[in-house]
Amino acid sequence: MFRSTIIGVAALCVATQAVAQVAIAPFSLPPLPYAAAALEPAIDARTMAIHHDKHHQAYVDALNKAVATSPALQGQSLDALVAKAGTLPAVVRDNAGGHWNHSFFWKTMAPPTQKMQPSPALAAAIDAQFGSLAAFKTAFKEAGTKRFGSGWVWLLVKSDGALAIASTPNQDNPLMDVAEVKGTPILGNDVWEHAYYLEYQNRRAAYLDGWWQVVDWKTVSDRYAATRAR
Ligand SMILES: [Fe+2]
């Protein structure tokens with residue numbers, strides 16, 4: 033009994049660490065885990081540099097500014113702010129989400145030469161939920177192309193352990209109290225125009241197709257395993 037409790041707590045810690053953003057203000061911009069050009073040709077270097085150095089930095093700066101002027105928000109982790117986003121001022125919700133989502137996004141990708149695939153466990157779960165990896169990709173692309181305006185498309189693990197695809201507006205995500213479909217994201221794609229416009233212009237569907245070349249399935253599979261270990 034005691035041993036199983038220890039194992040359960042340990043598993044929960046691992047699962048939380050898989051996607052956790054536990055730092056508190058002042059928040060800082062994490063470095064890209066690869067060179068800005070490393071994801072070419074799927075995502076060009078200039079887009080990556082502007083996206084990371086300018087857009088993500090702007091979310092960090094705006095979040096720090098908002099928290100600095102609100103004593104009630106100080107000392108809280110990014111995860112804590114995200115979890116209660118619906119109760120917070122829009123500037124905090126938007127920029128906490130922006131910081132969380134982009135920190136997660138950079139780590140969701142890897143250079144295309146690595147040619148990774150989902151782990152056997154994740155592949156089986158995708159097959160069970162969506163029919164096949166190809167069918168999952170089609171459904172994910174559809175969710176991304178249908179998102180009106182700016183937002184994100186996610187693969188997440190719901191509280192019952194089932195996989196689901198969800199799209200969120202602006203900088204919301206499935207961890208937020210306001211999310212229509214709640215759960216732990218294990219993969220997410222940014223469908224704001226700033227993520228693809230220089231290379232793809234209005235062709236969001238082409239960006240969503242090309243993006244699969246740079247998905248880091250090892251990281252996504254590790255996140256899935258950690259979530260399922262809870
Ligand atoms: Fe973005």
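Just so we're aligned: the sequence shown equals residues 33 to 262 in our numbering.
We treat Cβ as the ideally placed atom computed from N, Cα and C, and that holds for glycine.
Since we're looking at a predicted model, the values are computed, not measured.
Item: At a threshold of 6 Å, does tryptophan 224 count as lining ligand 1 (C-beta to nearest heavy atom)?; Value: yes
Item: Check this for me: beta carbons of glutamine 203 and leucine 110, under 7 Å apart or not?; Value: no
Item: Assess contact between the segment 73 to 86 and the segment 223 to 237, defined as three or more Cβ pairs (one per stretch) separated by less than 8 Å. Is contact present?; Value: yes
Item: Under 7 Å, do leucine 207 and tryptophan 138 count as touching if we go by C-beta distance?; Value: no
Item: Mapping the DSSP letters down to three states, classify valine 54 as helix, strand or coil.; Value: coil
Item: Among Thr145, Trp249, Ala68, whose alpha-carbon lies nearest the alpha-carbon of leucine 165?; Value: Trp249
Item: Under a three-way DSSP split, which group does isoleucine 82 fall into?; Value: helix
Item: Who does proline 201 pair with in a DSSP beta bridge?; Value: Gly183
Item: Taking only heavy atoms of ligand 1 into account, decide whether any of them is closer than 6 Å to the Cβ of alanine 81.; Value: no
Item: Can you tell me whether DSSP reads isoleucine 218 as helix, strand or coil?; Value: strand
Item: Using alpha carbons as the reference points, say which of Ala142, Phe172, Leu240, Thr259 lies closest to alanine 67.; Value: Ala142
Item: Would you identify the three-state DSSP class for serine 151, choosing helix, strand or coil?; Value: coil
Item: Which of the three DSSP states, helix, strand or coil, is assigned to alanine 68?; Value: coil
Item: Please state if the CB of arginine 179 and the CB of isoleucine 218 are separated by a distance shorter than 7 Å.; Value: no
Item: Spatial neighbours of serine 253 within its chain, please: CB distance less than 7 Å, with the 5 preceding and 5 following residues excluded, ordered by chain position.; Value: Pro150, Ser151, Leu154
Item: If we count the other Cβ atoms within 10 Å of its Cβ and call it buried at 16 or more, is arginine 78 buried or exposed?; Value: exposed
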